[in-house]
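The numbering of the sequence shown is UniProt numbering, which starts it at 1 and goes up by one.
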Amino acid sequence: MHTSTTTDNPGRRFIRCPLWRDGCNFFQWEDDFARNLLYFHLKHIKPQIPGGMGDVVEAAVEAKHVEDDGQNKKITRLRTKLEDERKKSHFLLVCLVLSIGVLFGLILFGKN
């Protein structure tokens, strides 16, 4: 298990191919892996669950899958908003520095 250090997925855990040093780029996020593993087992175990409870379990897993997708979309929207705010902050900082530079220029050279 490894932890992402990218800006897009900081701290997100993932599993990668043991042959990654040989050029294999396959990886899977831990949360996706757990959901897919549960889904796989559900497909094989469902017929063995008595009394139609397999359908209830499958519906619960599907509901969780939809909820996770909704959370991922929300996280993506928030990351986009955060990036937009960073760009605005950077722009304002540049404007502030330029304004201070102009002000000092006027003070220093305006006395002549």
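Ideal Cβ placement from N, Cα and C applies to all residues, glycine included.
Annotated three-state conformation of residue 13 is strand, per DSSP.
Less than 8 Å divides the Cβ of residue 13 from the Cβ of residue 30. The continuous beta strand (DSSP E) containing residue 29 extends over residues 27–29. If the five residues before and after residue 1 are omitted, its C-beta is found closer than 8 Å to the C-beta atoms of 13, 14, 15 and 30, all from its own chain and listed in chain order. Collapsing the DSSP output to three states places residue 80 in a helix. In this model, residue 24 and residue 89 are separated by some 39 Å (Cα to Cα). Rounded to whole angstroms, the gap between the alpha carbons of residue 20 and residue 35 is 23 Å.
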